[in-house]
Structure formats: structure tokens, C-alpha cells
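A.B. asks: This is the structure, below, for whatever I ask next.
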Amino acid sequence: MMKRKTLLSVVALSATATLPFTASASTFAEQDSLKTHRLEEVQVTATRASARTPMSFSNLSKAQLQKANLGLDVPYLLLQTPSVVATSEPGIGIGYTYLRVRGVDAAGINIMTNGVPLNDSESQGVFWANMPNFSSSIQDAQLQRGVGTSSNGSAAFGASLNLRTDHFSMTPTATLSLLGGAYNTFRREVHASTGRIARHWALEARLGKTTTDGYIDRSGTEGTSYFLQGGYFGENTILKLLSFGGKQRTGIAWNGLSATEEATYGRRYNSAGHMNPKSTPADARYRYNTDNYEQNHLQAQLTQRLSEGLILNLTAHYTQGYGFTDEYRTGRKLKEYGLKEFILRGADGQAILDKDGKEQKVKKITLLRTKYLDNDFYGGIATLEYKAHRLELTTGLSANHYVGDHYGERTPITPYPYQVEPNERYYEDRAHKTDLSGFTKATFEVARGLNLFADLQYRFIDYRIKGSIDHFTGGKQQQMDLKKTFSFFNPKAGLFYQFAPQHHVYGSVAVAHREPNRKHYTEVSEAQYPRAERLTDYELGYGFRSRTFTAGLNLYYMDYKDQLVLNGKKSDVGGDLSENVAKSYRAGVEVNASWLILPSLRWDLALGTSRNRIKSYTLYAWSDKTYEEVATTYTNAPIAYSPELTLSNTLTFSHRAFEAALTSQYVGAQYLDNTGSKDRSLPSYHVASLRLSYDLPVRSLKAWRLSLQVNNLLDAKYASNGSAYYTFDKTGAIQSSKSVYPQAGIHVFVGSTITL
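One rule links them: number in this note's numbering = place in the sequence shown (from 1) + 1.
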């Protein structure tokens, strides 16, 4: 044991010798740093894959994330990993951005910060716009593809992303970061750390603000953010208190752009808030069509080493969210908003007659609609980790509860003869969701290099919605009294074999279940309520590592029962809608490689190729001929939003204080629904970017880095997302249209980061 501790100390001293620290930093600070970081890392390993886990995953370090962090949101920092697609409503990667992995959207990607669920309990999505600048506070990240290991919160149905927030600095540090560029983008951020106080205490703070107009008209974002943490560090104990969050105001741009709109108004047109379609957008734009949200996270983390090899982690967490959307709505039915129809009258109070001499009844008006969400999410997580020579064993429990109030108000703009009380609500419901889970996982080395892996999880969900929701049906506001419970057992097992020092292979089978989210219930009638999904994920892989070259090959087959697939339709607030399909699958090959060609030249590759199919899919659309729904069935239909090829390349040149990186990404064609129609698809696209950085040698500073990033270097005209709409005409033929989300052409960001 003494030899082991001595070796670790030597490694720590060698590693920290290259890091900047003040001349007064002593040897005990370096030793404390090693102990602290080793214990800190335990805080999230319970839900992470380790080197011997037979799963497909990618690790991203602080250095890798920060190099890519020139103003963009978290999804764009992951583009150099296999099977990842990122998209942005404003068109520049800031604000409302979205992530897909293996064709699965954020609702099927389990995302955690320090092991705490980040996915919204009801929508199951993650809204990065509500967490401005959060990428600056990430220590490292692990993206697991497929089901992965057991996690807390919503199920991983395509991937899981485990984010760990910043470690404490051992020495006092202050950083000022400025970034500016295209579309009036400006980000300012200040960070300060006390370093270790009296060997046991530390404080850290980061404040930031980002503003941008966005590429799409009126899609701009104004967001403020904070990250605060304090900690106590003992010989065998770490106690951390964290608070982070932000407040944002973002222009609504979720309608997308039709071909007719693009031809008439150009690629940057935004129909949301276009007050009068007969007028040009410049003369009739409502500039306050906005999404407004504030979200605050609190976490208390205790890590206690109980004995050699036995560590207890306890986490308590609370997330508070409040926000609303303001929208200009034209030609809306009065009944939909709980308002009475009325007779059109003149200034004298007399009814105004039509050309036939009849009174004119007003059934539609223009109004401002405000939809609110006020929610609280809280819970506790406990894990116990045991490590011996050949065995790693982890047991965890998680209990979380969510309460969400949804309600709406409206303010008539068209003259309305009746009194509308201030803050009068036309719908109001409350949702409760309880999520309980427990897991045990183990890795056991049965022979030299051969490891068995097993992971068993049980999850229980109780979901309730009661009240009136924002849908008008049957002559009244739709009422809901939903009570749903789910019990899921999710087993996983696999083998990892290191058959030579540089080579390993692995294989695994994992089962996951996922409950429907809020939209799956509120957007359909009770008779159409969806079923829970089941996924059986088969993974087989090979890895190679040498001094100058690393590579990984992964084969997967994801067999779904009752998969909820996106159908290309949108809710009236821009949310993606889904439906059950009985049998479907996703199968593919993923490759990642890194080659140090020269000491100063490195090439990184990430490739994903796949086939994604629904065994039998039935499309229901309205017929203008029969005035009924018509069903059309497709066999072996491609799954929407699932490109069959994604390819990312990065060529990095480094020389002393200078670094240049040329990055490209290719994304294959994507269907916008599940019929395989080219008319309702997105063409493939290829985007390149160039990043330059230089570290100025200033003696009085720890570091001063200047950065420049040119995005969409080749000025490609492309859209990364879209939606589809269709009906049957009087001949029985499908009439369809699509809306797309254009991305910005070539644009530049420049940045400066000074560290004291």
C-alpha cells in the first residue's frame, strides 16, 4: 500500500508541475489536490462508465470542452463524437439549441449534472437556453451511447450525458473572458476562486451574460448566468454546496420557414409575431414574441470515505423554475380562450349589419397569449461504492419529486366589449411526478483481463395531472384527471476482455423502459393515450490504443417495442410530437479514432452510420374529399430525424503557444416524418469551421489567450431541422408542406480570456 501511495504522489507532482501556481504554493497543497480530486471524482462515478465497462462512450476533458467553448451551447461541444447532431432555432448555436444522438432527441437522452437529473420531469427534455454559459462551468463530460449504465431520472433511450461541474482551484485565481462577433453577439464572463483557505475551505464564483440578435429575425437571446460553490475538504470527507442557474429572454422562432416564405421574404424570415400577413414583415412585426424563463439549481454533496475502498455519496438537490411565453395570436377563436362571442356594434351601440341586413357575430379576434410554467423539483440520491482488487460494486438509491403549475392568460387586442380581469386564467392545471429508483452494478475480474459486468435497476414512476389544460374540445376547455403509475425493471450485462496491452473487446445487452411525457397525454384524447416504451440494446465493440494512435469500433442493434417516434408535427408552442410504433429498430456502426501524425499535428475522426426502420407505420391525415381521416400504411419506413451517416473530422496543429483546428461535419439526409418521402425531408449538409488561438506571453499574468472562430467556413446554405404537415386532396393524393430551420452562413466570433 505504501508503494502505491508513493507512486500516486509522484504522478501527482509530475502532473501539477506543468500547471500554473503561485511561488508560495507548498508541497502539501499539491498532495491535498491529488487527494481532493480523487475523492471529488467519486462523486459522479456511480452513474458513469469506467475503462472496463462494456459500453460505448466518449469522455471529454475540461481542456477539450474549453477549446470548443467559443460562445456555443453544450450540444455543439459534442459534435466531434459519433452519431451526434446539434441544431439551433436562432441559427447560430446559442439560445434554443437541441441535441440528438443516434437519431434520438433530448427526451430520450438522460442528462445529469453531478449525478442529479437535468431533464425536465414532464417534457423529459433539456432546454439549454435556460442555462446560459453553463458550458464554462463543466469540468468534464461523458456521453454514453445506447442504454448505458443505470442513471438517475428519465430513461436513457438513445444516450446519456453525465456532466460534472468545476473542481475547486487549489490556488487563488481570477479570470475575465470576453467574446463577440456576428449578429451582435457579446458574451462577458468573470470567474474568481479563493483557492484553498486554511487547507480545508474554498469558495468559487462565476458570473456571465450573453446577448445576441440571432441569425433568424427576432430570435435573439439575452441571458444572465451564475455558478457559485463552496466546499470543505477533510482527510476523508468532502462537503460541497453548489448553486447555479440563469435567466433568459429569447425571441420565439419555433415556426420554422416554408419554401413560400423563403422565396417571398428570405432565409431569415420569422412568421412568429407577423401581425398582418398582408403586410411586409418589416411593417408588421411584433417584437415582444418571447420566451422568458428563470431556473435555479441547488445541490449539497457529501462524499465520505468510510474505509479503504468503501465510499458513501449523499446528494440533496432542489431546482426552481419559473417562466412564460408571450405570443401575438391572430384570428383566434374566442371560445378557445374562454371568451364570449359578441355582436359587432358601432360607436352608438347599435349592431352593425352585413350586406344581407343580418347582425355580425364576432367569433375570432387577435390577442396576446401568455402561458406560464411554475415548477419545483427536489430529491435525494445516495450511492455506496466498494472497490477491491478484482471487484467494483456500486449500489444507489434515488428519490425525486416534481410539482408543476401550468396556466394561461390572454389579453384581447381586437376591441372586446366585455371586461377581462387582470391575470384571469383561462386554463390551469397542476402536475405531480414522483420518481423512485434503485440499482446495483458490479464489475468483477474473473481472470486476467476478463471482466464480467452486471447492472440491475428498478424504477417506479407516479405521474398525475389535474385541472384544465390549454386545449379547447367538445365546446369547453379540456379537463384532465390523469393518474398513471409505471414499474420498470432494467437489467444489463456484459463482458470486457483486454486480450493484449493495446487491444480490448466488449459486448453487452441492456434493457430500458421509458414512460410517456406530458405532451403524449395532453395532445391526444384519452382513447389515444400512448404506451410505455421498451428497448433492448445490443452493443459489441473493439478498442486499440498506442502512443500515437487510438481507435474504437462499435456495432449496435437497438430493438424497440412501442417506440415513441417523432412524427414531424409540432404543438402550438413548437414542441415535437410523437406517436407509438409497435416494432422498430436502430442498427449501426460507430468509429472514433485519434492519430498523432506528428508531435504538432493531430487528426480526430468520429463516424456514425446507421439504418433506422419502423416495421409497419400508418399515417393518418385529413381528406378534403371525404372529410374523414385516411390511413396509409408504410412497411420498413425510415424513422424521422435519423440520418444514416454522420461524419466529423478535426485536424489540429499546435506549435508552442499557437493552435489551429480545422473541423468539418457531414450529416446525411433526414426525413421529417416516418413515410420516407423526399418531399418531406432535409437534404444532407456539410459544415466546416476554423478555430485559431494564441497564448500571449505576459509575465504578470497566469495566462492570456486570444481566440478566433470562423463558423460555416464554406458558407453552406443549409437547414439542420424541420417539421412536416400534410393532408389528402380531393384526388386522394397526399398534399404536404414542410418548414425548416435555416442556419447562419459564414460568421466569426473572437474571444479573449485573461487569467490572473
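In this text, a Cβ means the ideal position worked out from N, Cα and C, and glycines have one as well.
From which residue to which residue does the alpha helix (DSSP H) around tyrosine 266 run?
C.D. replies: Numbered from 1 along the sequence shown, position 265 holds the residue referred to as residue 266. Looking at the DSSP string, the run of the alpha helix (DSSP H) that includes tyrosine 266 is 260-266.
A.B. asks: Less than 7 Å between C-beta atoms, sequence neighbours within five positions excluded: which residues of the same chain meet that for alanine 717?
C.D. replies: Within the sequence shown, residue 717 is the residue found at index 716, counting from 1. Once the five neighbours on either side are set aside, the close Cβ partners of alanine 717 are Tyr686, His687, Val688.
A.B. asks: Mark threonine 619 as exposed unless 16 or more other C-beta atoms lie within 10 angstroms of its C-beta, in which case mark it buried.
C.D. replies: Locating residue 619 in the sequence shown gives position 618, where the first residue counts as 1. Exposed, since its Cβ has fewer than 16 Cβ neighbours within 10 Å.
A.B. asks: Leaving aside the five residues before and after tyrosine 1 along the sequence, list all residues of the same chain whose C-beta is less than 6 Å from its C-beta, in chain order.
C.D. replies: A question about residue 1 goes unanswered here, because the residues of the chain that appear run from 2 up to 757.
A.B. asks: By Cβ distance, which residues of its chain are closer than 6 Å to asparagine 401, with the 5 residues on each side in sequence left out?
C.D. replies: Position 400 of the sequence shown, counted from the first residue, corresponds to residue 401. Cβ neighbours of asparagine 401 beyond the five flanking positions: Gly380, Asp436.
A.B. asks: Quick check: threonine 186 and phenylalanine 545, are their CB atoms within less than 8 Å of each other?
C.D. replies: Taking the first residue of the sequence shown as position 1, residue 186 is located at position 185. Taking the first residue of the sequence shown as position 1, residue 545 is located at position 544. The answer is no: Cβ separation not under 8 Å.
A.B. asks: Leaving out five residues on either side along the sequence, give the residues of the same chain with a beta carbon under 6 Å from the beta carbon of glycine 96.
C.D. replies: One-based indexing of the sequence shown puts residue 96 at position 95. Excluding positions up to five away in sequence, the list reads Ala130, Thr222, Thr251.
A.B. asks: With DSSP as the reference, identify every bridge partner of alanine 588, one or two as the case may be.
C.D. replies: If you number the sequence shown from 1, residue 588 lands on position 587. In the DSSP output, where bridge partners are listed per residue, alanine 588 has Tyr558, Arg612.
A.B. asks: Pull up the CB-CB distance for glutamine 81 and alanine 448, whole angstroms please, since I reckon it's below 8 Å.
C.D. replies: Position 80 of the sequence shown holds residue 81. Position 447 of the sequence shown holds residue 448. Not quite, the Cβ-Cβ distance comes to about 36 Å (not below 8 Å), so this is no contact.
A.B. asks: Histidine 504 to asparagine 237, Cα distance in whole Å?
C.D. replies: As a position in the sequence shown, residue 504 is number 503, starting the count at 1. As a position in the sequence shown, residue 237 is number 236, starting the count at 1. In a straight line, the C-alpha of histidine 504 is about 36 Å away from that of asparagine 237.
A.B. asks: Could you check what DSSP says for serine 1 in three-state terms: helix, strand or coil?
C.D. replies: Because the chain in this structure spans residues 2 to 757, residue 1 falls outside the shown range and cannot be described.
A.B. asks: Straight-line CA distance for glycine 475 to proline 83?
C.D. replies: Here the question's residue 475 lines up with position 474 in the sequence shown. Here the question's residue 83 lines up with position 82 in the sequence shown. Each residue's alpha carbon lies about 48 Å from the other.
A.B. asks: Measure the C-alpha to C-alpha separation of alanine 513 and histidine 275 and round it to an integer number of angstroms.
C.D. replies: Translated into the one-based positions of the sequence shown, residue 513 becomes position 512. Translated into the one-based positions of the sequence shown, residue 275 becomes position 274. One C-alpha to the other measures close to 44 Å.
A.B. asks: Quick check: the Cα distance between valine 127 and alanine 107, rounded to an integer number of angstroms?
C.D. replies: Translated into the one-based positions of the sequence shown, residue 127 becomes position 126. Translated into the one-based positions of the sequence shown, residue 107 becomes position 106. If you take the alpha carbons of valine 127 and alanine 107, they lie about 6 Å apart.
A.B. asks: Among residues of its own chain, excluding the 5 on either side of glutamine 666, which ones have a beta-carbon nearer than 6 Å to its beta-carbon?
C.D. replies: In the sequence shown, counting from the first residue as 1, residue 666 sits at position 665. Result list for glutamine 666: Leu80, Ser649, Val688, in chain order.
A.B. asks: Exposed or buried, what is glutamate 630 when buried is set at 16 or more other beta-carbons lying within 10 Å of its beta-carbon?
C.D. replies: As a first step, residue 630 must be located in the sequence shown, where it is residue number 629. So glutamate 630 ends up on the exposed side.
A.B. asks: Looking at the strands, I want to know which residues DSSP matches up with glutamate 410.
C.D. replies: For the purposes of this step, residue 410 is taken as the residue at position 409 of the sequence shown. DSSP lists Thr371, Arg426 as partners of glutamate 410.
A.B. asks: Counting only the same chain and skipping the five closest in sequence on each side, list residues whose C-beta sits under 6 Å from that of leucine 691.
C.D. replies: What you label residue 691 is simply residue 690 of the sequence shown in a count that begins at 1. Excluding positions up to five away in sequence, the list reads Leu663, Val711, Leu714.
A.B. asks: If I follow the unbroken alpha helix (DSSP H) through tyrosine 522, where does it start and stop?
C.D. replies: The residue given as residue 522 occupies position 521 in the sequence shown. Start and end: 519-523.
A.B. asks: From the DSSP secondary-structure annotation, give me the bridge partner or partners of serine 694.
C.D. replies: As a position in the sequence shown, residue 694 is number 693, starting the count at 1. Beta-bridge pairing links serine 694 to Glu660, Ser708.
A.B. asks: Alpha carbon to alpha carbon, what distance is there between serine 136 and tryptophan 202?
C.D. replies: On the sequence shown, residue 202 is found 201 positions in, with the first residue counted as 1. On the sequence shown, residue 136 is found 135 positions in, with the first residue counted as 1. Between tryptophan 202 and serine 136, the C-alpha separation is close to 25 Å.
A.B. asks: Determine contact between the stretch 529-536 and the stretch 57-69, defined as no fewer than three beta-carbon pairs at a distance below 8 Å.
C.D. replies: As far as the Cβ criterion goes, the stretch 529-536 does not touch the stretch 57-69, which means the pair count is below three.
A.B. asks: Over what stretch of residues does the beta strand (DSSP E) that includes leucine 299 continue unbroken?
C.D. replies: What you label residue 299 is simply residue 298 of the sequence shown in a count that begins at 1. Unbroken beta strand (DSSP E) run through leucine 299: 291-308.
A.B. asks: Do glycine 209 and arginine 188 have their beta-carbon atoms positioned less than 8 Å apart in this structure?
C.D. replies: Locating residue 188 in the sequence shown gives position 187, counting from the first residue. Locating residue 209 in the sequence shown gives position 208, counting from the first residue. Closer than 8 Å, so yes.
A.B. asks: Using 8 Å as the threshold, is the C-beta distance between phenylalanine 497 and proline 55 below it?
C.D. replies: On the sequence shown, position 496 is the one that residue 497 refers to. On the sequence shown, position 54 is the one that residue 55 refers to. Closer than 8 Å, so yes.
A.B. asks: Let me know the beta strand (DSSP E) ranges lying completely inside the stretch 315-362, each 3 residues or longer, listed in chain order.
C.D. replies: Entirely contained in the stretch 315-362, not one beta strand (DSSP E) run reaches 3 residues.
A.B. asks: For phenylalanine 500, list the residues DSSP reports as bridge partners.
C.D. replies: The sequence position of residue 500 within the sequence shown is 499, counting from 1. DSSP lists no partner for phenylalanine 500.
A.B. asks: Between the Cα of glutamate 429 and those of Arg207, Ser438, Ile466, Lys442, spot the shortest distance and give me the residue it belongs to.
C.D. replies: Within the sequence shown, the letter at position 428 stands for residue 429. Answer by Cα proximity: Ile466.
A.B. asks: Do the stretch 264-275 and the stretch 223-233 touch if we need at least three Cβ pairs shorter than 8 Å?
C.D. replies: Touching, no.
A.B. asks: Taking lysine 68 as part of the beta strand (DSSP E), name the residues at either end of that continuous run.
C.D. replies: Within the sequence shown, the letter at position 67 stands for residue 68. Taken as a continuous stretch (DSSP letters only), lysine 68 belongs to no beta strand (DSSP E), being part of the alpha helix (DSSP H) at 63-69.
A.B. asks: For a minimum of 3 consecutive residues, which ranges assigned as the beta strand (DSSP E) are wholly contained in the stretch 208-276?
C.D. replies: The stretch 208-276 contains these whole beta strand (DSSP E) runs: 222-234, 238-252.
A.B. asks: Given a cut-off of 8 Å on the beta-carbon distance, is the pair arginine 460 and phenylalanine 500 in contact?
C.D. replies: Locating residue 460 in the sequence shown gives position 459, counting from the first residue. Locating residue 500 in the sequence shown gives position 499, counting from the first residue. The answer is no: Cβ separation not under 8 Å.
A.B. asks: I need the straight-line Cα distance from glutamine 564 to alanine 588, nearest angstrom please.
C.D. replies: By one-based count along the sequence shown, residue 564 stands at place 563. By one-based count along the sequence shown, residue 588 stands at place 587. Each residue's Cα considered, the two are about 14 Å apart.
A.B. asks: Could you tell me the alpha carbon to alpha carbon distance between glycine 746 and serine 59, rounded to whole angstroms?
C.D. replies: Position 745 of the sequence shown, counted from the first residue, corresponds to residue 746. Position 58 of the sequence shown, counted from the first residue, corresponds to residue 59. Roughly 30 Å separates the two Cα atoms.
A.B. asks: Based on Cα-Cα distance, which residue from Ser708, Arg700, Tyr742, Tyr727 lies nearest to tyrosine 719?
C.D. replies: On the sequence shown, residue 719 is found 718 positions in, with the first residue counted as 1. Closest option to tyrosine 719, Cα to Cα, is Tyr742.
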